[in-house]
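See structure below.
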Amino acid sequence: RQTRVHNTVTLNEQNSDCKPRLNRWAENVNHGSFNYDLVEAENQSYPTLSHTRTILFIDKKYIVLIDAIDGVADTGDLRAHFQFANENEAATQQVFNPAHSKVYPDLYQLITTMPESGRRKGNLLVQAWQQAGLSLENEMHGLGAEAKGAGFGVNKVNKPEFERRAIAYSLPRKKGKQYFVTALIPFKGDNTSEQSTPECQLDFEPSNQQVTLVVDQQRYQLRLPQGNAYAVDTDGDGTPNILDPDPYQLP
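Going by the working numbering, the letters in the sequence shown line up with residues 131 to 381, in that order.
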């Protein structure tokens, strides 16, 4: 149940609080050459730090996560954690196969290298926006409740743990707003020799909130919504959740 073994952001790998707020929601936004869906949620993860995650689902094919971290905390280690299911996750006996994924810290990439087998025909590329101070780290460091690593799981209560691939993108915390931007690119085909891995470029401009994703020369570019664009008003009081100190106070 530790925060660091979930697909989210931590400060110093400490457990976060749960004080969520849904800010924005949009479906099938027509952006000219492509469509996208968007959801933005915010959590006051720590007393001195908030985490806002915007999820872009581009052309029903690719996902881009924009994690914005802000608050008065100005030291520590920020980590964006990712854990990955094994190809035989539903099986009773779990066996982690290190040959079925590759981590490239210098490219800020993880690539799955699975063969096609039965109904399983897909692979995944994870690509981070490269920025000063960013590092990609392996988080598979042992099993058990006291294990340092995040790369383990169970599929039933009181059953043995099994290893999973787990990584984290790390940034030193500094004053002001910081970002992790990560693209999740699913693709089909046998990738045992990485022969099916798509080419991917990812860029983000904090000053104007512009995201640029290029997959196999197909370019997707958009700016994240600002102000009240696509804002959600959960309690219907006329004040969007973004500005509402109690967005879930029903009349």
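Glycine included, C-beta positions come from ideal geometry on N, C-alpha and C.
- Through-space distance from Leu237 to Trp259, alpha-carbon basis: Numbered from 1 along the sequence shown, position 129 holds the residue referred to as residue 259. Numbered from 1 along the sequence shown, position 107 holds the residue referred to as residue 237. Distance between the alpha carbons of Trp259 and Leu237 is about 10 Å.
- Is the CB-CB distance between Thr312 and Ala171 below 8 Å? As a working mapping, residue 312 is identified with position 182 in the sequence shown. As a working mapping, residue 171 is identified with position 41 in the sequence shown. Contact: no.
- Message: Mapping the DSSP letters down to three states, classify His211 as helix, strand or coil.
- Response: Translated into the one-based positions of the sequence shown, residue 211 becomes position 81. The answer is strand: DSSP assigns His211 an E or B state.
- Message: Here's a check: name, in chain order, each residue in its chain whose Cβ is nearer than 7 Å to the Cβ of Ala198, leaving out the five neighbours to either side.
- Response: On the sequence shown, residue 198 is found 68 positions in, with the first residue counted as 1. Result list for Ala198: Thr182, Lys307, Tyr309, in chain order.
- Task: Please state whether DSSP places Val135 in a helix, a strand or coil.
- Result: Stepping through the sequence shown from its first residue, residue 135 is reached at position 5. Taken through DSSP and simplified to helix, strand or coil, Val135 comes out as helix.
- Query: If you check the beta carbons only, do Leu254 and Pro316 fall under 8 Å apart?
  - Reply: Position 124 of the sequence shown holds residue 254. Position 186 of the sequence shown holds residue 316. Yes, these two residues count as a Cβ contact at 8 Å.
- Query: In three-state terms, what does DSSP make of Pro150?
  - Reply: Within the sequence shown, residue 150 is the residue found at index 20, counting from 1. Strand.
- Compute the beta-carbon to beta-carbon distance between Phe187 and Ile193, rounded to the nearest angstrom, for a pair I have assumed lies under 8 Å. Start at 1 with the first residue of the sequence shown, and residue 187 comes out as number 57. Start at 1 with the first residue of the sequence shown, and residue 193 comes out as number 63. Indeed, because the Cβ distance is near 6 Å, the residues count as touching under 8 Å.
- In whole angstroms, what separates the C-alpha of Gln348 from that of Val233? Working through the sequence shown from its first residue, we reach residue 348 at position 218. Working through the sequence shown from its first residue, we reach residue 233 at position 103. So the two alpha carbons sit approximately 24 Å from each other.
- Message: Tell me the rounded alpha-carbon separation between Val225 and Arg249.
- Response: For this step, residue 225 is matched to residue 95 along the sequence shown. For this step, residue 249 is matched to residue 119 along the sequence shown. Computed Cα separation, rounded: 19 Å.
- Message: What does the alpha-carbon distance come out to for the pair Ile185 and Ser247?
- Response: As a position in the sequence shown, residue 185 is number 55, starting the count at 1. As a position in the sequence shown, residue 247 is number 117, starting the count at 1. Cα to Cα, Ile185 sits roughly 30 Å from Ser247.
- DSSP state of Ala298 mapped onto helix, strand, coil: Locating residue 298 in the sequence shown gives position 168, where the first residue counts as 1. Strand at Ala298.
- Task: Return the residue from the list Arg353, Ala229, Lys149 that minimises the CA-CA distance to Ser323.
- Result: The residue labelled residue 323 in the question sits at position 193 within the sequence shown. The residue with the shortest Cα to Cα distance from Ser323 is Ala229.
- Which term fits Ser175, buried or exposed, when burial requires 16 or more other beta carbons within 10 angstroms of its beta carbon? Here residue 175 refers to the residue found at position 45 of the sequence shown. Classification for Ser175: buried.
- DSSP state of Ala229, grouped into three classes? For the purposes of this step, residue 229 is taken as the residue at position 99 of the sequence shown. If DSSP states are grouped into helix, strand and coil, Ala229 belongs with the helices.
- Query: Span of the beta strand (DSSP E) holding Tyr176?
  - Reply: Here the question's residue 176 lines up with position 46 in the sequence shown. From DSSP, the beta strand (DSSP E) with Tyr176 extends over 165-176.
- Can you round the beta-carbon distance between Asn142 and Asp207 to whole angstroms, since I take them to be within the 8 Å contact cut? Taking the sequence shown and counting its residues from 1, one reaches residue 142 at position 12. Taking the sequence shown and counting its residues from 1, one reaches residue 207 at position 77. Confirmed, Cβ separation roughly 5 Å.
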